[in-house]
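Enquirer: One structure is given below, represented as structure tokens, and several questions about it will come after.
There are 2 protein chains.
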Amino acid sequence: MTELEKSMESMITVFHHYAKEGGNKTTLSKKELKKLMEAELPNFLKTQKNPDTVERIIKDLDQNKDDELDFEEFVPFVAGLTIACEKHYALHHDKKGKK
Amino acid sequence: MTELEKSMESMITVFHHYAKEGGNKTTLSKKELKKLMEAELPNFLKTQKNPDTVERIIKDLDQNKDDELDFEEFVPFVAGLTIACEKHYALHHDKKGKK
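Here is the structure:
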């Protein structure tokens, strides 16, 4: 498997690892998303000063308003975070004067 | 770094690995996207019978119509592919009767 394929697979397995816990086994509840973010995105959570971060994120992403995130609702969150990280990376990369 | 953070990092490094080649060093040209897909998404390319696949993909994703993909235009492609893979995974997972 290539690096890009592996990263796609990781997104799927990480999502399902937390989604399968309580209630609906194929979606993330607020509690499950919180657990996922605490364990898998600790550096992102540290930058968030608002204690309602998880609640706000789920509200923003929950398109069908069922208070749960399915995989299609979760991916745009990871995509958005990755785009934010890349902006930081590009900035840093430019500063170092690399091509 | 957690698994999810690593997969976000991989998307960034894979993109830049190919983007940095010719012309604009921060975007993928059609040639660079083709190279990326041949090397990093060989299984996806195999399923595509149409020889214009790369051309069609770049047209679909290139929001600012500059015939290049920047990272923000590239991420929705990986996101869409991952969602398609997850549907396949969910189907397969159900069949195996796992929780």
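So the sequence lines, in the order shown, correspond to chains A and B.
Residues in the first sequence are numbered consecutively from 1, following UniProt numbering.
Residues in the second sequence are numbered consecutively from 1, following UniProt numbering.
No residue lacks a Cβ here, since even glycine has one placed at the ideal position from N, Cα and C.
Should H92 (chain B) be flagged as near chain A, meaning a C-beta pair shorter than 9 Å?
Expert: As a working note, residue 92 (chain B) is residue 92 in the second sequence. With 9 Å as the cut-off, H92 (chain B) does not count as an interface residue toward chain A.
Enquirer: If you draw a straight line from the C-alpha of Y89 (chain A) to the C-alpha of L36 (chain A), how long is it?
Expert: Sequence index remark: in the first sequence, residue 89 (chain A) carries index 89 (1-based). Sequence index remark: in the first sequence, residue 36 (chain A) carries index 36 (1-based). One C-alpha to the other measures close to 24 Å.
Enquirer: Going by beta-carbon coordinates alone, are L81 (chain B) and I58 (chain B) separated by less than 9 Å?
Expert: Position 81 of the second sequence, counted from the start, is the residue given in the question as residue 81 (chain B). Position 58 of the second sequence, counted from the start, is the residue given in the question as residue 58 (chain B). Cβ distance not < 9 Å, so L81 (chain B) and I58 (chain B) don't count as in contact.
Enquirer: Hey, T27 (chain A) and L69 (chain A) are a contact pair by Cβ (cut 8 Å); roughly how many whole angstroms apart?
Expert: Taking the first residue of the first sequence as position 1, residue 27 (chain A) is located at position 27. Taking the first residue of the first sequence as position 1, residue 69 (chain A) is located at position 69. About 6 Å separates the two Cβ atoms, so the contact holds.
Enquirer: Taking the alpha-carbon positions, what's the G23 (chain A) to A84 (chain A) distance?
Expert: Residue 23 (chain A) sits at position 23 when you count from the first residue of the first sequence. Residue 84 (chain A) sits at position 84 when you count from the first residue of the first sequence. Those two C-alpha atoms are separated by around 32 Å.
Enquirer: Can you look up L69 (chain A) in the DSSP assignment and give me helix, strand or coil?
Expert: Locating residue 69 (chain A) in the first sequence gives position 69, where the first residue counts as 1. The answer is strand: DSSP assigns L69 (chain A) an E or B state.
Enquirer: Does chain A have any CB closer than 9 Å to the CB of E9 (chain B)?
Expert: Against the second sequence, residue 9 (chain B) aligns to sequence position 9. Taking Cβ atoms only, chain A reaches closer than 9 Å to E9 (chain B), which makes this a yes.
Enquirer: What residues from the UniProt domain "EF-hand" (49-84) of chain B come within 8 Å of chain A, judged by C-beta to C-beta, listed N to C?
Expert: So the close ones are F71, E72, V75, P76, V78, A79, L81, T82 and I83.
Enquirer: Between the Cα of D67 (chain A) and those of A:F77, A:K30, A:K46 and A:E40, spot the shortest distance and give me the residue it belongs to.
Expert: Start at 1 with the first residue of the first sequence, and residue 67 (chain A) comes out as number 67. For the residues A:F77, A:K30, A:K46 and A:E40, the minimum Cα distance to D67 (chain A) belongs to A:K30.
Enquirer: Given this structure, state the Cα-to-Cα distance separating S10 (chain B) from E38 (chain B), to the nearest angstrom.
Expert: Start at 1 with the first residue of the second sequence, and residue 10 (chain B) comes out as number 10. Start at 1 with the first residue of the second sequence, and residue 38 (chain B) comes out as number 38. Distance between the alpha carbons of S10 (chain B) and E38 (chain B): 17 Å.
Enquirer: Give me the Cα-Cα distance between K65 (chain A) and K87 (chain B), rounded to the nearest whole angstrom.
Expert: Against the first sequence, residue 65 (chain A) aligns to sequence position 65. Against the second sequence, residue 87 (chain B) aligns to sequence position 87. The alpha-carbon atoms of K65 (chain A) and K87 (chain B) are separated by roughly 21 Å.
Enquirer: Just the chain A side, please: which residues come within less than 8 Å of T26 (chain B) by C-beta, in chain order?
Expert: Translated into the one-based positions of the second sequence, residue 26 (chain B) becomes position 26. The contacting residues are A90.
Enquirer: When you compare each of A:R56, A:E55, A:E73 and A:V54 to Q63 (chain A) by their alpha carbons, which one comes out closest?
Expert: In the first sequence, the residue the question calls residue 63 (chain A) occupies position 63. Nearest C-alpha to Q63 (chain A): A:E73.
Enquirer: Determine, using beta carbons only, whether L4 (chain A) and V14 (chain B) come nearer to each other than 9 Å.
Expert: Taking the first sequence and counting its residues from 1, the one referred to as residue 4 (chain A) is at position 4. Taking the second sequence and counting its residues from 1, the one referred to as residue 14 (chain B) is at position 14. Yes.
Enquirer: Compare the C-beta of L33 (chain B) against all C-beta atoms of chain A and say whether one is closer than 9 Å.
Expert: For this step, residue 33 (chain B) is matched to residue 33 along the second sequence. No, because no Cβ of chain A sits closer than 9 Å to the Cβ of L33 (chain B).
Enquirer: Report the CB separation of residue 100 (chain B) from T2 (chain A) in whole angstroms; it is logged as a contact under 8 Å.
Expert: Residue numbering for chain B in the displayed model covers 1 to 99; residue 100 (chain B) lies beyond these limits and cannot be assessed.
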